[in-house]
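**Student:** Numbering (the working numbering), first residue to last: 1 to 271.
1) Just to confirm before moving on: does the CB-CB distance between residue 202 and residue 178 stay below 8 Å?
2) In the structure shown, what three-state DSSP assignment does residue 146 receive?
3) In whole angstroms, give me the CA-to-CA distance for residue 67 and residue 154.
4) If you reduce the DSSP assignment to three classes, tell me which class residue 86 lands in.
5) Between which residues of its own chain and residue 227 is the CB-CB distance below 7 Å, once the five residues before and five after are set aside?
6) Since residue 112 and residue 102 are thought to touch, with beta carbons under 8 Å apart, how far apart are those beta carbons, to the nearest angstrom?
7) Could you check which residue in 133, 232 and 236 has the C-alpha nearest to that of residue 245?
8) Quick one: Cα of residue 272 to Cα of residue 127, how far?
9) Quick one: Cα of residue 255 to Cα of residue 200, how far?
10) Is residue 124 helix, strand or coil when you go by DSSP?
11) Start and end of the alpha helix (DSSP H) containing residue 48?
12) Does the beta-carbon of residue 57 have 16 or more other beta-carbons within 10 angstroms, so that it is buried, or is it exposed?
13) Between the segment 151 to 166 and the segment 254 to 270, are three or more C-beta pairs nearer than 8 Å?
14) If I measure Cβ to Cβ from residue 136 and keep anything under 6 Å in the same chain, skipping five residues before and after, which residues do I get?
15) Assign residue 103 to one of three DSSP states: helix, strand, or coil.
16) Between the beta-carbon of residue 230 and the beta-carbon of residue 167, is there less than 8 Å?
17) By Cβ distance below 6 Å, which residues in the same chain neighbour residue 61 in space, the five residues on each side in sequence not counted?
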């Protein structure tokens, strides 16, 4: 009877390692499957640009709000966005950028993946203007510094344009254009005093505030001989505003230079 017990114990001991080996094999298989799944997921987020010949005419500039509302509807479509670089994340094979397309420079973000073959030896800088021709990848998720999941439209860049202006500077140019087309009336107030007045319509679609402008006064030879500051506390879209300034100069020409203004809480400054 003792020999039978010993034999049974030996059999049990022989079976135990086999059971452990089976668990190890299953664990290895699960790890391999997990790696395959991760690699497949990464392949779907490749930063490789389109292999088609580049033609800017094939890319459409769509309002950000439309893309952000239903980003998957624009998946695989060729789009073009202009914005200010809010963040740069450089990797060994690609550079990721959060591009702010709103005039404030902080909102309406697009997550752009840029392959090294597109970027070359260049290094993008935060705050610089950037135009991106790329293929929309639908909605892109990332985790913010505060640990919050953020979802914004994603793109893979096909071509970059660094010779563009930021949306902020474009807005400054629009306001400057209002003054460039203005005519100034000069009134002789006597005693060597003059008043220069211009009535200008706010043809932008934005309500402006704290508008600061310099009036430069030029003589007949085109030399700038004097200047003065003019301001408006509020200037609603479509509204006419009177800008007037006293001076001691009998100028042949007046040129206005926009210095700064606000749209809501956002501050804009000329270069």
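Even for Gly, the Cβ is constructed at its ideal location relative to N, Cα and C.
**Tutor:** So, to answer that:
1) As a working mapping, residue 202 is identified with position 202 in the chain shown. As a working mapping, residue 178 is identified with position 178 in the chain shown. A contact, by the Cβ cut-off of 8 Å.
2) As a first step, residue 146 is located in the chain shown; it is residue number 146 there, counting from the start. Note: residue 146 maps to coil in three-state DSSP.
3) Start at 1 with the first residue of the chain shown, and residue 67 comes out as number 67. Start at 1 with the first residue of the chain shown, and residue 154 comes out as number 154. Distance between the alpha carbons of residue 67 and residue 154: 10 Å.
4) Taking the first residue of the chain shown as 1, we reach residue 86 at position 86. Strand.
5) Position 227 of the chain shown holds residue 227. Closer than 7 Å at Cβ, skipping near neighbours: 214, 215, 216 and 217.
6) For the purposes of this step, residue 112 is taken as the residue at position 112 of the chain shown. For the purposes of this step, residue 102 is taken as the residue at position 102 of the chain shown. Actually they do not touch by this definition, with Cβ atoms about 15 Å apart.
7) Here residue 245 refers to the residue found at position 245 when the chain shown is read from its first residue. Of 133, 232 and 236, the residue nearest in Cα terms is 232.
8) Residue 272 lies beyond the residue range present for the chain, which begins at 1 and ends at 271; the question has no answer from this structure.
9) Along the chain shown, read from residue 1 onward, the residue named residue 255 stands at position 255. Along the chain shown, read from residue 1 onward, the residue named residue 200 stands at position 200. Roughly 14 Å between the two C-alpha positions.
10) By one-based count along the chain shown, residue 124 stands at place 124. Coil at residue 124, not helix or strand.
11) Here residue 48 refers to the residue found at position 48 of the chain shown. That residue, residue 48, is in no alpha helix (DSSP H); it is neither H nor E in DSSP.
12) The residue you call residue 57 lines up with position 57 of the chain shown. Looking at its Cβ environment, which holds fewer than 16 other Cβ atoms inside 10 Å, residue 57 is exposed.
13) no
14) Here residue 136 corresponds to residue number 136 of the chain shown, with the count starting at 1. Result list for residue 136: 74, 75, 77, 79 and 155, in chain order.
15) Looking up residue 103 in the chain shown gives position 103. Coil.
16) Counted from its first residue, the chain shown places residue 230 at position 230. Counted from its first residue, the chain shown places residue 167 at position 167. For residue 230 and residue 167, no; Cβs fall outside 8 Å.
17) The count along the chain shown starts at 1 and reaches residue 61 at position 61. Answer for residue 61: 80, listed in chain order.
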